[in-house]
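Undergrad:
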């Protein structure tokens, strides 16, 4: 095990989940999203599972979603109870997004029996269902089962590639898979005509603002012919993670919203046919991507508008005094030997 | 590229890098030079992004391709585990502290780390703490042994409309008048609030440059600590660093602090009380020094503004009364003072006793009282007297009286009032007549022996003075073995300078010695590469004996401490005064 993996594991050593009820889902709500180019209501479900298998071994340096997991086996009955609970709030939205804080296709989290039951029920009303999975669970047999349920309806799998750069993924993120694994999974799911959403991380640990912008844009260049959607995730500071550890020691800052706008602009230019979006968890707060206090709200608004409209004109009138500071940072951050985190 | 050390003042050093035909001194500032920020014309070093290799920082000499070989060190944190691939043993000349800014937010940890790093990398390496260092902190950081700073703080401050001054930073809107005449500020025709980013940045560059020069001057003069104490008053954080340094890293400071100085020691702050020079003086008085053995009457006296004390008017009065007492040499004068505590008369020529200056108010604060009481009671444990006479103003007597035991107070109102002096005379006459008459020559020899004990320790002092006479007019006293001169007190040094005969006499005692290699031909000074071994108790400014195979070669003045002489491969180790003909 390399050092970063050890650190990520050690930080979880004394972790005890706060909520220990196996029958209670993490959350569910309705939000706006795009479906076939139109803005629609989308239903979001977050299941509580035993947890991401990778997180249980060591986990990624920025991921704190395991905080919502039970860390113990959950019975099929309890999983179904969770599903029944969220379905009480389901209003027949045409688009449903499922999260498990891990991999929906990992049978250690969701058994194939439960998976089938959930998807079969949803496909009755929804036109599109979206799930997430690490590439190692994107297997022919699993996909062919799902294909039987979905037929011509849209099934989307989101994979957290984070970056096309293997060095960064291995040494800064401890992601545990290579770019080739992602490409293989992409090929497999294309065979079944499923959609691929690729998550790209903005501002991995140990990278300067400038380096992270370059890396994100470079990643889009590398995957624009593979993926249907790019969803940018700016790192937010989640508890019990290595990111959190370094943030508390003032050795990490989430990205600037200026950087995100720059990345979205460049990405749309590079990959005009790919759907490009960005949901900013914790945006505007100290634990999320932010600029100065004055302009955060405006930026977040314009970024979510862009995610729905795909039109970079959304960014035209963004202005703030902090633009100069951000420019300074891009110019001199690397000259500070780790000292110029918060300029 | 070559690196040399020109001058030391505590852990601070003036170094000199030679690149091709260019010489650049340290401490110095690395100026950011990027597409966005152009380094000012006066920059010696540039801090730039490497254009060919990603964004890695490069430190360049201006108008020259030379770089300094460097090594990054990580404070003991998680990032060290992840990135400690580079070794501290490499041939690097510059040690760069990563995350220096974050470390500096924890002043105690910062101080511990920098002193540990200084110990570890040795005397001939330089330390760079990126992004920290502003005009108010440069003096302190340099005093800790940091050699390189950069201009990033000037940029980030300017971006926040903040101007640098040695007495702290001010936002431009807070400046009703522009309190600066640097080339930028003197051109501003109007209010500070109208200054542009570029104006403020350039002002900040000048402010850094000016303070850096002040600091370098102070190191050359040997007065850096005085500036340090003045500057830290602007920030509790800086104050914490200095107090941590003084309290927890005394050995680190003391081994690097010269034994003498021509500069005044300005004791105007709380921190002055624990300066390494002061603490060393106090420890030597308690641990090394013993009173002249023929004295039996202790006379406690107040200090005088003029130094040495005996050259002052007030002490002239006291001495007149002592000399006319009938048995003056049985009386031992000890001066009670802050911040030194106690100064026996024979040590008044020694640094810092002859060089300190304090505000005189007659008001003693609790720290001073505690220090004087502690020192006095320790002193009296080591040095026994039959009678104690206290000729101190009542402000002092009040807080020392209870630890003196039986004593006679002779000061009525002011120590130099006629009434007081008359009373002193009367009590002295009455007291000294009970003791055997002490001969002046004996007492003078004892006084010089006390002086030598303070300087060299008891072993050398006993041997040096054994069977000798002391001749000459105070303070230029000579130690004579019959007609052969062994040494002499030099007022300007505040130390005894030895002759070759003096050196021969004490060579076998294995103290204050420097041994040179067999094949090292001694011409002029002793240089560090020629030093085979040295007494690690030697400090800069000490009188030392140079030997080869236990044979005396020379006597002279140490230019570096013993540890440094042993480890360095360049630089003057001993300035030779007398060399033996070989």
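Protein chains in written order, with the numbering used here: chain A, 40 to 382; chain B, 217 to 798. Positions of the beta carbon are idealized from the N, C-alpha and C atoms, including for glycine.
What residue range is occupied by the uninterrupted alpha helix (DSSP H) comprising residue 422 of chain B?
TA: Here the alpha helix (DSSP H) through residue 422 of chain B covers 413-437.
Undergrad: I want to verify the contact list: residues of chain B whose CB lies under 9 Å from the CB of residue 379 of chain A, in sequence order.
TA: Those within 9 Å of residue 379 of chain A in chain B are 317, 346, 347, 368 and 372.
Undergrad: For residue 444 of chain B, name the three-state secondary structure that DSSP assigns.
TA: Residue state, collapsed to three classes: helix.
Undergrad: Taking the alpha-carbon positions, what's the residue 302 of chain B to residue 266 of chain B distance?
TA: Note that residue 302 of chain B has pLDDT 48, beneath the 50 cutoff, so the model's placement of it is unreliable and no number is given.
Undergrad: How would you write the range of the beta strand (DSSP E) that residue 246 of chain B sits in, first residue to last?
TA: Looking at the DSSP string, the run of the beta strand (DSSP E) that includes residue 246 of chain B is 244-248.
Undergrad: Taking Cβ positions only, does residue 213 of chain A come closer than 8 Å to chain B?
TA: It does not: the Cβ of residue 213 of chain A has no partner Cβ on chain B nearer than 8 Å.
Undergrad: Can a CB atom of chain B be found closer than 8 Å to the CB of residue 375 of chain A?
TA: Cβ-Cβ to chain B under 8 Å: yes for residue 375 of chain A.
Undergrad: Going by DSSP, what residue range makes up the beta strand (DSSP E) through residue 273 of chain A?
TA: First-last of the beta strand (DSSP E) with residue 273 of chain A: 268-273.
Undergrad: If you check the beta carbons only, do residue 87 of chain A and residue 65 of chain A fall under 8 Å apart?
TA: Yes, they are a contact pair.
Undergrad: With a threshold of 8 Å between beta-carbons, can residue 263 of chain B be considered close to chain A, or not?
TA: Interface residue, yes.
Undergrad: Quick one: is residue 276 of chain B near chain A, going by C-beta distance under 8 Å?
TA: Cβ-Cβ to chain A under 8 Å: no for residue 276 of chain B.
Undergrad: What's the C-alpha gap between residue 155 of chain A and residue 184 of chain A?
TA: Taking the straight line joining both Cα atoms gives about 8 Å.
Undergrad: Going by C-alpha distance, which of B:722, B:543, B:611 and B:637 is nearest residue 513 of chain B?
TA: When each option's Cα is compared against that of residue 513 of chain B, the closest is B:543.
Undergrad: For residue 298 of chain B, would you say it is in contact with chain A, using Cβ-to-Cβ distances shorter than 8 Å as the test?
TA: Reliability of the predicted coordinates at residue 298 of chain B is poor, the pLDDT of 48 falling under 50, and no value is obtained from them.
Undergrad: Check each residue of the region 250-278 of chain A: if its Cβ is closer than 8 Å to any Cβ of chain B, include it; give the result in chain order.
TA: Residues passing the 8 Å Cβ filter: 250.
Undergrad: Would you verify that the beta carbon of residue 288 of chain A is, or is not, closer than 8 Å to some beta carbon of chain B?
TA: Yes - at least one Cβ of chain B is within 8 Å of the one on residue 288 of chain A.
Undergrad: Does any C-beta atom of chain A lie closer than 8 Å to the C-beta of residue 364 of chain B?
TA: Cβ-Cβ to chain A under 8 Å: no for residue 364 of chain B.
Undergrad: To the nearest angstrom, how far is the alpha carbon of residue 679 of chain B from that of residue 665 of chain B?
TA: C-alpha separation (whole angstroms): 10 Å.
Undergrad: Which chain B residues sit within Cβ distance under 9 Å of residue 366 of chain A?
TA: What residue 366 of chain A touches in chain B: 252.
Undergrad: Where DSSP assigns a beta bridge to residue 460 of chain B, which residues make up the other side?
TA: In DSSP, residue 460 of chain B forms no bridge with anything.
Undergrad: Let's test the definition: count the other Cβ atoms within 10 Å of the Cβ of residue 206 of chain A and tell me whether it reaches 16, buried, or not, exposed.
TA: When all chains shown are included, residue 206 of chain A counts as exposed.
Undergrad: Per DSSP, which one or two residues make a beta bridge with residue 761 of chain B?
TA: The partner list for residue 761 of chain B (beta bridge, DSSP) reads B:729 and B:771.
Undergrad: Helix, strand or coil: which one does DSSP assign to residue 224 of chain B?
TA: Note: residue 224 of chain B maps to strand in three-state DSSP.
Undergrad: Skipping 5 residues on each side, what residues in its chain have a beta carbon closer than 8 Å to that of residue 309 of chain A?
TA: Taken in chain order, the residues that qualify are 256, 259, 260 and 263.
Undergrad: Suppose you measure from the CA of residue 241 of chain B to the CA of residue 334 of chain B; what does that come to, to the nearest Å?
TA: So the alpha carbons of these two residues sit roughly 19 Å apart.
Undergrad: Which of the three DSSP states, helix, strand or coil, is assigned to residue 273 of chain B?
TA: Correct three-state label for residue 273 of chain B: strand.
Undergrad: With a cut-off of 8 Å, does the C-beta of residue 321 of chain B fall near any C-beta of chain A?
TA: With 8 Å as the cut-off, residue 321 of chain B counts as an interface residue toward chain A.
Undergrad: Per the contact definition of three or more C-beta pairs closer than 8 Å, is the region 210-221 of chain A in contact with the region 233-247 of chain A?
TA: Flag = yes, the region 233-247 of chain A and the region 210-221 of chain A touch.
Undergrad: Specify whether the region 467-484 of chain B and the region 434-445 of chain B touch according to this definition: at least 3 beta carbon pairs, one from each stretch, less than 8 Å apart.
TA: With the cut-off at 8 Å, the region 467-484 of chain B and the region 434-445 of chain B touch.
Undergrad: DSSP three-state label for residue 70 of chain A, please.
TA: Strand, per DSSP.
Undergrad: In the DSSP assignment, what are the bridge partners of residue 261 of chain B?
TA: Looking at the DSSP assignment, residue 261 of chain B forms a beta bridge with B:246 and B:277.
Undergrad: How about residue 768 of chain B and residue 705 of chain B: are their beta carbons less than 8 Å apart?
TA: No, the Cβ-Cβ distance between residue 768 of chain B and residue 705 of chain B is not below 8 Å.
Undergrad: If you count every other CB in all the chains shown that lies within 10 Å of the CB of residue 78 of chain A, and 16 or more means buried, which is it?
TA: So residue 78 of chain A ends up on the exposed side.
Undergrad: Among B:251, B:772 and B:556, which has the Cα closest to the Cα of residue 570 of chain B?
TA: Of the listed residues, the one whose Cα sits closest to residue 570 of chain B is B:556.
Undergrad: Which runs of the beta strand (DSSP E) spanning at least 3 residues fall entirely within the region 630-690 of chain B, listed in chain order?
TA: You should have 685-687.
Undergrad: For residue 745 of chain B versus residue 692 of chain B, is the C-beta distance shorter than 8 Å?
TA: It is not a contact, given that the beta carbons lie outside the stated cut-off.
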